[in-house]
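Structure, as structure tokens:
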Amino acid sequence: MKRVLIVEDEEGLLEGLSHNFKYEGYEVLTARTGSEGLKMALKQKPDVVVLDIMLPEKDGFTVLKELRQRHRDIPVLVMTARNFEADVLKGFDLGADDYVTKPFGIKELMARVKRLVQRGPSGAPAPGPTIYKFGDVEVRFEPREVHKSGEQVALSFKEFELLKYLIEHRGRTVSREELLEEIWGVDEDLGVTTRTVDTHVSNLRSKLGAGFAQPFIVAVHKVGYKFVEP
Ligand code: CA
4 MKRVLIVEDE EGLLEGLSHN FKYEGYEVLT ARTGSEGLKM ALKQKPDVVV
54 LDIMLPEKDG FTVLKELRQR HRDIPVLVMT ARNFEADVLK GFDLGADDYV
104 TKPFGIKELM ARVKRLVQRG PSGAPAPGPT IYKFGDVEVR FEPREVHKSG
154 EQVALSFKEF ELLKYLIEHR GRTVSREELL EEIWGVDEDL GVTTRTVDTH
204 VSNLRSKLGA GFAQPFIVAV HKVGYKFVEP
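With the numbering used here applied, the sequence shown has no gaps in its numbers, which climb one by one up to 233 at the end.
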């Protein structure tokens with residue numbers, strides 16, 4: 004049974020979401036403040052987190068940031084208030100995997116969560132090699148871990164997906180649009196932009212690139228990116 008943690012302080016919405024997730028067969032954990040949510044996410048290790056941004060004690064951004072700082076790559080879907088595109092971008096930069104804007108349709112949210120759970124760490128293992136090494140970096144696809152010089156490196160869910168996709172298609176130039184579609188599931192303008200891809204590439208480079216004479220993710224002018232062994 005998949006476990007979802009819902010962090011939301013609006014009682015009505017929390018109840019509505021809980022009810023729907025239970026109906027879909029999830030085990031539901033709930034938290035009403037940011038600090039409670041963070042504690043539960045770390046302790047209970049849910050398969051997915053549905054996280055509100057405006058929360059008492061600790062806002063959703065802080066929860067997300069602290070979760071990622073502690074090497075937790077649990078998929079997180081963020082709920083933002085209407086007309087806060089900046090929040091969406093900030094959320095992705097901090098490692099959110101998807102978002103909905105309030106007010107949202109419950110069916111859309113359920114579908115997005117389902118997709119995150121299927122792609123998540125406890126989902127079906129990806130085909131192909133289980134370990135890929137380049138330089139002093141070791142990427143383990145199952146369980147999803149990345150080590151550099153023997154030390155585990157904290158990657159967000161999307162950063163890992165991006166690295167994995169580029170490795171699986173190494174030597175080929177992959178366009179930003181393809182990455183947006185494959186990694187973020189975006190095929191129209193939902194507030195996710197090609198800048199999001201660039202940010203994630205730059206995060207990967209700074210987390211894994213130290214010591215390499217050349218970047219392992221090469222920018223291809225006006226097109227996208229290509230993975231090459233450094
Ligand atoms: Ca709220």
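Glycine included, every Cβ here is placed at the ideal spot set by N, Cα and C.
(message) What would DSSP say about Ala44, mapped onto helix, strand or coil?
(response) helix
(request) Would you give the residue range spanned by the alpha helix (DSSP H) that Glu148 belongs to? (result) That residue, Glu148, is in no alpha helix (DSSP H); its beta strand (DSSP E) goes 148-151.
(message) Can you check which of these residues, Gly28, Phe219, Val204, is closest to Gly174 by C-alpha distance?
(response) Phe219
(request) Go to Ile170, then tell me how far its alpha helix (DSSP H) extends in each direction, as first and last residue. (result) 160-171
(request) Output the boundary residues of the beta strand (DSSP E) element that contains Gly227. (result) 227-230
(request) Let me know the alpha helix (DSSP H) ranges lying completely inside the stretch 87-118, each 4 residues or longer, listed in chain order. (result) 88-96
(message) Cutting at 6 Å between CB atoms, please list the residues of its own chain near Thr51, excluding the five before and the five after it.
(response) Reading the sequence as shown, one finds Val at residue 51 and not Thr. Contacts found: Val7, Pro78, Val116, Leu119, Val120.
(message) Going by C-alpha to C-alpha distance, which of Val231, Lys225, Gln217 sits closest to Lys136?
(response) Val231
(message) Rounding to the nearest angstrom, what Cα-Cα distance links Asp62 and Lys46 in this structure?
(response) 19 Å
(request) Using beta-carbon positions only, say whether Leu182 and Gly227 come within less than 9 Å of one another. (result) yes
(request) May I ask whether a heavy atom of ligand 1 can be found less than 8 Å away from the beta carbon of Ile56? (result) yes
(message) In this structure, how does DSSP classify Glu141 when only helix, strand and coil are distinguished?
(response) strand
(request) Return the CA-CA distance between Glu191 and Glu180, expressed in angstroms with no decimal places. (result) Unreliable placement is indicated for Glu191, whose pLDDT of 49 sits below 50; the coordinate value is still reported in the next sentence. If you take the alpha carbons of Glu191 and Glu180, they lie about 10 Å apart.
(message) Can you tell me whether Asp12 sits near ligand 1, meaning its C-beta is under 8 Å from at least one heavy atom of the ligand?
(response) yes
(request) Kindly give me the distance between the Cβ atoms of Gly40 and Pro59, rounded to whole angstroms, as I take these residues to be in contact under 8 Å. (result) That belief does not hold up - the Cβ atoms of Gly40 and Pro59 are roughly 10 Å apart, past 8 Å.
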